[in-house]
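Protein chains in written order, with the working numbering: chain A, 1 to 187; chain B, 188 to 374; chain C, 375 to 561; chain D, 562 to 748.
Yeah, the Cβ is synthetic: ideal placement off N, Cα and C, and Gly gets one too.
Quick caveat, the model's predicted, so the values are computed rather than measured.
I have placed the structure first, in the form of structure tokens, so that the comments after it can refer back to it.
There are 4 protein chains.
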Amino acid sequence: MTPRPAPEWRTTTWLNTPEPLTLERLRGKVILLHAFQMLCPGCVARGIPQAQRVAELFAGAPLAVVGLHTVFEHHEAMKLESLRAFLHEYRVKFPVGVDAPGEGGNPIPRTMEAYAMRGTPTTILIDAQGRLRRQLFGVHDDLLLGAELQTLLLEAQAGPVAGVQRPATQVLPAAACDDTGCAVLSR
Amino acid sequence: MTPRPAPEWRTTTWLNTPEPLTLERLRGKVILLHAFQMLCPGCVARGIPQAQRVAELFAGAPLAVVGLHTVFEHHEAMKLESLRAFLHEYRVKFPVGVDAPGEGGNPIPRTMEAYAMRGTPTTILIDAQGRLRRQLFGVHDDLLLGAELQTLLLEAQAGPVAGVQRPATQVLPAAACDDTGCAVLSR
Amino acid sequence: MTPRPAPEWRTTTWLNTPEPLTLERLRGKVILLHAFQMLCPGCVARGIPQAQRVAELFAGAPLAVVGLHTVFEHHEAMKLESLRAFLHEYRVKFPVGVDAPGEGGNPIPRTMEAYAMRGTPTTILIDAQGRLRRQLFGVHDDLLLGAELQTLLLEAQAGPVAGVQRPATQVLPAAACDDTGCAVLSR
Amino acid sequence: MTPRPAPEWRTTTWLNTPEPLTLERLRGKVILLHAFQMLCPGCVARGIPQAQRVAELFAGAPLAVVGLHTVFEHHEAMKLESLRAFLHEYRVKFPVGVDAPGEGGNPIPRTMEAYAMRGTPTTILIDAQGRLRRQLFGVHDDLLLGAELQTLLLEAQAGPVAGVQRPATQVLPAAACDDTGCAVLSR
Chain A
1 MTPRPAPEWR TTTWLNTPEP LTLERLRGKV ILLHAFQMLC PGCVARGIPQ
51 AQRVAELFAG APLAVVGLHT VFEHHEAMKL ESLRAFLHEY RVKFPVGVDA
101 PGEGGNPIPR TMEAYAMRGT PTTILIDAQG RLRRQLFGVH DDLLLGAELQ
151 TLLLEAQAGP VAGVQRPATQ VLPAAACDDT GCAVLSR
Chain B
188 MTPRPAPEWR TTTWLNTPEP LTLERLRGKV ILLHAFQMLC PGCVARGIPQ
238 AQRVAELFAG APLAVVGLHT VFEHHEAMKL ESLRAFLHEY RVKFPVGVDA
288 PGEGGNPIPR TMEAYAMRGT PTTILIDAQG RLRRQLFGVH DDLLLGAELQ
338 TLLLEAQAGP VAGVQRPATQ VLPAAACDDT GCAVLSR
Chain C
375 MTPRPAPEWR TTTWLNTPEP LTLERLRGKV ILLHAFQMLC PGCVARGIPQ
425 AQRVAELFAG APLAVVGLHT VFEHHEAMKL ESLRAFLHEY RVKFPVGVDA
475 PGEGGNPIPR TMEAYAMRGT PTTILIDAQG RLRRQLFGVH DDLLLGAELQ
525 TLLLEAQAGP VAGVQRPATQ VLPAAACDDT GCAVLSR
Chain D
562 MTPRPAPEWR TTTWLNTPEP LTLERLRGKV ILLHAFQMLC PGCVARGIPQ
612 AQRVAELFAG APLAVVGLHT VFEHHEAMKL ESLRAFLHEY RVKFPVGVDA
662 PGEGGNPIPR TMEAYAMRGT PTTILIDAQG RLRRQLFGVH DDLLLGAELQ
712 TLLLEAQAGP VAGVQRPATQ VLPAAACDDT GCAVLSR
């Protein structure tokens, strides 16, 4: 099955970025698009923290982590002012777009509709050519997400991206055992 | 830096496998070698569960998850009979080799010495050509481990391995919000 | 030090209860008052779940778990409509009062001020006679909270309240070991 | 139902204590007896850590936390030398008795048999008069365990034991929100 171009985003506002983000602007980078609602417990407890860790751990890679606030219920409860405070309190640093309201009274906002998302959180991977490569509703396993991101990053680049050939730099204190492991004292 | 061939394993016994495993036998597969001690808290709480999840999540990939019991302290406390019960109670299913005792009174067993491991848990990645590509002491991040495994799996194969092009198959109940997420009820 | 009467609550609205709650109305019950903000990460991740577990585990005891929404920052972001959706999505079932706005431009709401709370979450224990017995800012340890609640419950009643003399009713499947424990198969 | 005297313990060895512990010696103290096996995953992950937290949090109270190694399977795998290393690596500080082997080939050790324990972990509460007041197979909830311990401690003493009347001493940094909570900056 040939991947299709990812539908363009339809947003009303952007936070955590000086100017709106578009697929066009991000061409050449792999995109992790995290669609969430600020009052969705699974997003708050697991989805958003996962997106934040991706942003931190892959900081050196040609990868953009982008949030999308796709409110499809309790619209009055999750307005811009609330979202802004939410991002502040939860220390979300990546750019977040606000999905444009659905047309003709449709409670589903426009980008969410265009991607036919089934709810929140939804994790979407777009490759460096702007093609939709993965869409997953619910919380994704870190091991698999890491593997999928790497596939797209390797496609986008000539050489390997993540740490396989990096030397092991994690240093543990030269004690016996702690919660992390047991060290050989003489090394 | 050119990767060097992974040192051969020196073991006395194997559990969870009908016959001993060697690098030679596993050629063509990516190997995740998890070196642990059964009384190392960090191995029990995090390292071994991570290796087990890799074995399950990448079950269809050309990947071998192999354990190595590298006892370098409390040797009398972690003999074969204890290890056997440990693997049973913790439901460890992947093959586990017992590292051969160090020579000349060296408390560090032989494979652990050959790889210059600094303690347990140590995670080692060996590529399909038998070369040592990654060695990490302590608990590794799932996202990065997933990325590193995928790099080696993609090298070993022509096409992508993990789920990027798979359809999203995870289905949540059509309720409002639960711990995992918020579903659009009409989909 | 003689315990002093708990300051009366000053609220504008109540949710999850047909009529407003007052200290007077709850006299004779021990009260766990959980002061929170819906956008306070520590409240969402730990404080509110703890209050909910208390409400469930001590359901048969003369104990009232009461929430108090004490917004002292981002007031525009946490209005009634947002709080209502929050309680719905997080399945908070206990009654929640909305603390009355501070006077003369004080951002600290009135009940929060009267109790001199230092932030959110704050856990407050009030005895059956309406006296303030404990006030703690931050997340409280379950073991200690259980002990403190029991002290007040025992004071309020003649006999023991929680499970000490109850027969052990928790039954595990008669398998070998699972995540919870190891069963004797023949029992 | 009148509580009956707790059966005396039958042990072969004690670790972490200069001399064997008996019910007689501990009279006047509340006892938390934690029966475990060192290769029981539920004991390692949850039961033993809970017992350790009780020992730390109630350090000032007339309470003795006592471990009992009740091996009823894999006897060869959990001998004294292995237990000793286990206690060292997991930093278990409370006294641990080794339950005496069952008679006539009974795999169930003698104290375990006398208490009719159903497996491990089992948590047993004995009051200051040496009477058996609670026996629970599986992992116990912290809130309920705290309440039950407090009941026995209050019985054993004239006044309250745990923190209800202590001033709130837990201090959080005067920052905005962190993982623990949101502080009022001016306090």
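Contacts with chain C (Cβ-Cβ distance below 9 Å) from the region 63 to 93 of chain A involve Glu73, His74, Glu76, Ala77, Met78, Lys79, Glu81, Ser82, Leu83, Arg84, Ala85, Phe86, His88, Glu89, Tyr90, Arg91, listed in chain order. Counting along the chain, no alpha helix (DSSP H) covers Val404 of chain C; the unbroken beta strand (DSSP E) around it starts and ends at 404 to 410.
Taking the CA atoms as reference points, Val404 of chain C sits about 39 Å from Val139 of chain A. Interface flag for Leu32 of chain A against chain C is unset, since no Cβ pair is found closer than 9 Å. Interface criterion not met: the Cβ of Leu584 of chain D is under 9 Å from no Cβ in chain C. Taking a Cβ-Cβ threshold of 9 Å, none of the residues of chain C is close to Leu152 of chain A; the smallest such distance is about 31 Å.
The residue among D:Val657, D:His635, D:His636 with its C-alpha nearest the C-alpha of Arg645 of chain D is D:Val657. Contacts between Val558 of chain C and chain D, judged by CB atoms closer than 7 Å, involve Phe633, Ile669, Arg679, Gly680 in chain order.
Taking C-alpha positions only, Leu593 of chain D is separated from Ala567 of chain D by approximately 12 Å.
Taking 9 Å as the cut-off, the beta carbon of Thr684 of chain D is found no closer than this to the beta carbon of Cys556 of chain C. Comparing C-alpha distances from Gln37 of chain A to each of C:Phe460, C:Asp501, C:Gln531 shows the shortest one belongs to C:Phe460. By DSSP's assignment, Thr13 of chain A forms a beta bridge with A:Val98. In the same chain as Arg565 of chain D, and ignoring 5 residues on each side of it, the C-beta atoms closer than 7 Å to its own belong to Arg692, Leu693, in chain order.
No Cβ of chain B is located within less than 9 Å of the beta carbon of Arg27 of chain A.
For Gly47 of chain A, the three-state secondary structure derived from DSSP is helix. Residue-level contact by beta carbon fails for Pro101 of chain A and chain C, as no gap is shorter than 9 Å. Neighbours of Leu15 of chain A in chain C, taken as residues at a C-beta separation under 8 Å, are lacking, since the least C-beta distance is about 13 Å.
At a Cβ-Cβ threshold of 9 Å, Gln337 of chain B and Leu63 of chain A do not count as neighbours.
According to the DSSP assignment, Gly520 of chain C belongs to no beta strand (DSSP E) but to the alpha helix (DSSP H) extending over 516 to 530. Among the residues facing chain C, Val657 of chain D is not included, as its CB has no counterpart in that chain under 9 Å away. Under DSSP, Val252 of chain B forms a beta bridge with B:Leu219. Taking a beta-carbon distance threshold of 9 Å, Ala616 of chain D does not count as an interface residue toward chain B.
Across the structure, Gly628 of chain D and Tyr302 of chain B are spaced so that their CA atoms are roughly 39 Å apart. At a cut-off of 9 Å between beta-carbon atoms, Gln224 of chain B makes contact with chain A. The continuous stretches of beta strand (DSSP E) do not include Phe633 of chain D, and DSSP gives it neither H nor E. Taking the Cα of Gly234 of chain B as reference, the smallest distance to any Cα among B:His261, B:Asp328, B:Trp196, B:Arg305 is reached at B:Asp328. Per DSSP, Arg134 of chain A lies in no alpha helix (DSSP H); the unbroken beta strand (DSSP E) holding it starts and ends at 132 to 137. Look at Val44 of chain A: its C-beta is under 9 Å from a C-beta on chain C.
Secondary structure of Thr111 of chain A (DSSP, three-state): helix.
Apart from the 5 residues on each side of it in sequence, Thr198 of chain B sits with its Cβ closer than 8 Å to the Cβ of Pro207, Leu255, Gly284, Val285, Asp286, Ala287, Thr298 in its chain, given in chain order. In terms of CA proximity to Ala596 of chain D, D:Phe633 leads the group D:Pro579, D:Arg588, D:Phe633, D:Ala622. Scanning its chain for C-beta atoms nearer than 7 Å, with the 5 sequence neighbours on each side dropped, one finds around Pro109 of chain A the residues Thr70, Val71, Phe72, Asp99, Ala100, Pro101, Gly102, in chain order. Ala370 of chain B is bridged by DSSP to A:Gly119. Annotation: the continuous alpha helix (DSSP H) that includes Leu587 of chain D extends over 584 to 587. In terms of Cβ geometry, Ser643 of chain D and Ala334 of chain B do not form a close pair [threshold 9 Å]. A direct Cα-Cα distance of roughly 12 Å separates Cys417 of chain C from Tyr464 of chain C.
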